[in-house]
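Sequential numbering from 126 applies to the sequence shown in this note's numbering. Here is the structure we will look at, set down as structure tokens.
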Amino acid sequence: MNTHYRKPSSLPGRILARFFLVLFGFLLGVALFTPWGKIWAHVLASLDEDLPTVGLRWESIDHDGPLGFRINGFKITVADTPGSLAFRHAYVTMGFSPLAHVRLDTAGSQCELDLFRSGTFEFEGDMNLTSLLGGADFKGILHVAGDLFLPAGATLPKKGWIDIRSQQLVLPGDKIIEDLAFTAEIRGPAMEVRDFSILNPLTIKAAGKGVIDPENLYRTAFKLKGNVTIGQRTIPYDVEGTLADAVLE
């Protein structure tokens, strides 16, 4: 009795392979020929419209694709507040969690930011003040870190914290301060200043409260209490005013 082995037909496998090749070609064509730059520009314009007190401006978009893009000459303005925050580049990578990862470049100094669907964003890194403020009379590198919750429609974070440090800053009028540290908890307009300290030209250690003005950040008011050390002598430190008083006068 002769039996013959019949090799299974490979037709279904060939059909499936061709299907995936066609699908891959289609997806590749979509990725290569879709005008991603225009799509991302439209997304940024829509975001700008949804932020009534914040303005977004940029020179161009390149390195664009379905999962990310680069913004050149990116500027952020706040209503009724002089000046703008200027970034040479902002590299954006889209995802699921976080929704977006952004790398902000200020003349080589970089800060990374993660934005989540809930409205929470986390950030940490360095910023070059001269580049960030568009060539204003501020010099130095700030190291910033924070975690803020800003839900849709809110003009100020509902809650969060921020930490700012610098080894040396030059303020308008050539005022130099060294070893600056500032840590605060934020809940809406209320700001709890946990630590404010400077090593030179005076040694200051203080804490206090503040109220953020969302329409003009320079009108943000604060009241601090602590100690100031001059030589071997320590005296009470008690000051109140606005952000404009502190950095512009």
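Don't be surprised by glycine CBs; every beta carbon is placed ideally from N, CA and C. As the structure is a computational prediction, the values presented were derived from the model and not from experiment.
Got a sec? Which residues, its chain only, sit under 6 Å from residue i by beta carbon, not counting five neighbours each side?
i: E184; result: N197, G198
i: K347; result: The residue you asked about is not Lys; residue 347 is Phe in the sequence shown. Excluding sequence neighbours, F347 sits near G335.
i: Q290; result: Note on identity: in this sequence residue 290 is Arg, with Gln being the wrong assignment. The residues are H268, A306.
i: D239; result: P223, H226, E247
i: G333; result: V318, K348, L349, K350
i: P160; result: none
Are there 16 or more other CB atoms within 10 angstroms of the CB of residue i, so buried, or fewer, so exposed?
i: V318; result: buried
i: L230; result: One point to set straight first is that residue 230 is Asp, not Leu, in the sequence displayed. The residue in question, D230, is buried, as its Cβ has 16 or more Cβ neighbours within 10 Å.
i: P276; result: exposed
i: L257; result: buried
i: P282; result: buried
i: S234; result: buried
i: G278; result: exposed
i: I87; result: The displayed coordinates of the chain run from 126 to 374. Any statement about residue 87 would go beyond what the structure contains.
i: G220; result: exposed
i: G298; result: exposed
i: N378; result: Given that the chain is displayed from residue 126 to residue 374, the structure contains no residue 378 and the question cannot be resolved.
i: I301; result: exposed
i: A315; result: exposed
Does residue i come out as helix, strand or coil in the three-state DSSP assignment?
i: R182; result: strand
i: L368; result: helix
i: K163; result: helix
i: S291; result: strand
i: D173; result: helix
i: L324; result: coil
i: L342; result: helix
i: G351; result: strand
Taking Cβ to Cβ, would you say residue i is nearer than 7 Å to residue j?
i: T354; j: T328; result: yes
i: L181; j: L192; result: no
i: L294; j: G259; result: no
i: T345; j: T178; result: no
i: V364; j: L349; result: yes
i: G244; j: F274; result: yes
i: F263; j: L254; result: yes
i: A211; j: K200; result: yes
Looking only at its own chain, which residues have a Cβ that is under 8 Å from the Cβ of residue i, when we skip the five neighbours before and after it?
i: G271; result: E247, F248, E249, G285, W286, I287, D288
i: G366; result: A346, F347
Which same chain residues, not among the five before or five after residue i, have their C-beta less than 7 Å away from its C-beta?
i: A261; result: G208
i: K330; result: S322, G351, N352
i: W165; result: I186, D189, F194
i: P361; result: N352
i: L368; result: L342, Y343, T345
Requested in this report: Jot down the residue ranges of each uninterrupted alpha helix (DSSP H) in the region 226-278, minimum 4 residues, whole runs only, in chain order.
Outcome: 254-257
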